[in-house]
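Please read the structure below before turning to the comments.
In this note's numbering, the protein residues as written are 622 to 715.
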């Protein structure tokens with residue numbers, strides 16, 4: 622958490638994102654996978670939710686042959702938000 626933001630970094634040690642496709646990775650339906658193996662929606666949806674719904678940012682750092690780090694920055698709420706329940710039972714993920 623830095624200032625009025627919380628930052629989350631998700632890193633991998635893969636091949637990195639090729640320069641030729643970097644401008645497209647957040648586009649809906651863009652995928653580098655073969656037909657039938659991916660919808661190309663994952664990063665587009667993540668970007669939409671983080672930026673449009675929560676007013677945050679989604680950026681990345683990538684190095685060929687070393688991997689990629691996605692950086693999610695979300696604004697902190699000024700006060701804790703109240704929990705709303707619709708009467709349905711809530712289950713713990715633990």
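By construction, the Cβ of each residue, glycine as well, lies at the ideal position given by its N, Cα and C atoms.
Quick caveat: nothing in here was measured; it's all calculated off a predicted structure.
Asked                                                                                                     : Found
Neighbourhood of residue 627 by C-beta, 7 Å cutoff - its chain only, sequence neighbours within 5 removed : 695 and 697
Unbroken stretches of the beta strand (DSSP E), 3 residues or longer, contained in the stretch 631–714    : 678–684 and 688–696
Best match in 643, 656, 661 and 641 for proximity to residue 650 [C-alpha to C-alpha]                     : 661
Neighbourhood of residue 647 by C-beta, 7 Å cutoff - its chain only, sequence neighbours within 5 removed : 664, 665 and 668
Pair within 9 Å by beta-carbon distance, residue 638 and residue 693                                      : no
Contacting residues, own chain, Cβ-Cβ under 7 Å from residue 677 (five flanking each side not counted)    : 671, 693, 694, 695 and 696
Inter-residue spacing [alpha-carbon to alpha-carbon] between residue 688 and residue 656                  : 24 Å
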